[in-house]
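In our numbering, the protein residues as written are 1339 to 1478.
The next block holds one structure in the form of structure tokens; read it before the comments.
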């Protein structure tokens, strides 16, 4: 998980927009980002998605319709969204959310490129079944 960098602006407002499936976050430096739930889900900082090191990432598929069903504060440094597909292990620190907001366009395009290269899909009905739950999915 990304730690909290003391130079990262702090959030002043976090709003879930369930209808449009977006999280809006404002920071004390004046920045404001609107992050789609699907974007947050496919860029989860959890080990289940990111793996334990470079090259161990798991490409997320079929997340187009994912919702955030709960949003839990974690101390004074992060939030933990609970997604409608059951994913709830990602801790989104303020610096990670700020980075996602700043790099949203490039990260999203990279995700779409990786999905296309893998022959993957954003459509939940066409996505392969999820890996069995339990741990992060890696064998140690």
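Every residue gets a Cβ at the ideal spot worked out from N, C-alpha and C, and that includes glycine.
6 Å CB neighbourhood of residue i in its chain, flanking five on each side removed
| i | result |
| --- | --- |
| residue 1462 | 1400 and 1403 |
| residue 1351 | 1364 |
| residue 1346 | 1432, 1433 and 1436 |
Residue i versus residue j - alpha carbon distance
| i | j | result |
| --- | --- | --- |
| residue 1371 | residue 1466 | 31 Å |
| residue 1413 | residue 1343 | 15 Å |
| residue 1437 | residue 1381 | 11 Å |
| residue 1397 | residue 1379 | 11 Å |
| residue 1445 | residue 1452 | 11 Å |
CB-CB length for residue i against residue j, believed under 8 Å
| i | j | result |
| --- | --- | --- |
| residue 1435 | residue 1363 | 6 Å |
| residue 1439 | residue 1373 | 6 Å |
| residue 1422 | residue 1386 | About 16 Å; that fails the 8 Å criterion. |
| residue 1406 | residue 1377 | The Cβ separation is near 11 Å, so there is no contact. |
Simplified DSSP assignment, three categories, for residue i
| i | result |
| --- | --- |
| residue 1398 | coil |
| residue 1385 | helix |
| residue 1404 | coil |
| residue 1418 | strand |
| residue 1465 | coil |
| residue 1460 | coil |
| residue 1442 | helix |
| residue 1373 | strand |
| residue 1410 | strand |
| residue 1450 | helix |
| residue 1348 | coil |
Close Cβ partners of residue i (< 7 Å) along its chain, the five nearest in sequence each way excluded
| i | result |
| --- | --- |
| residue 1409 | 1354, 1417 and 1419 |
| residue 1458 | 1397 and 1399 |
| residue 1411 | 1417 |
| residue 1456 | 1397 |
Cβ-heavy atom distance, residue i to the ligand HEM, below 8 Å
| i | result |
| --- | --- |
| residue 1449 | The ligand HEM is absent from the structure shown, which contains no ligand whatsoever. |
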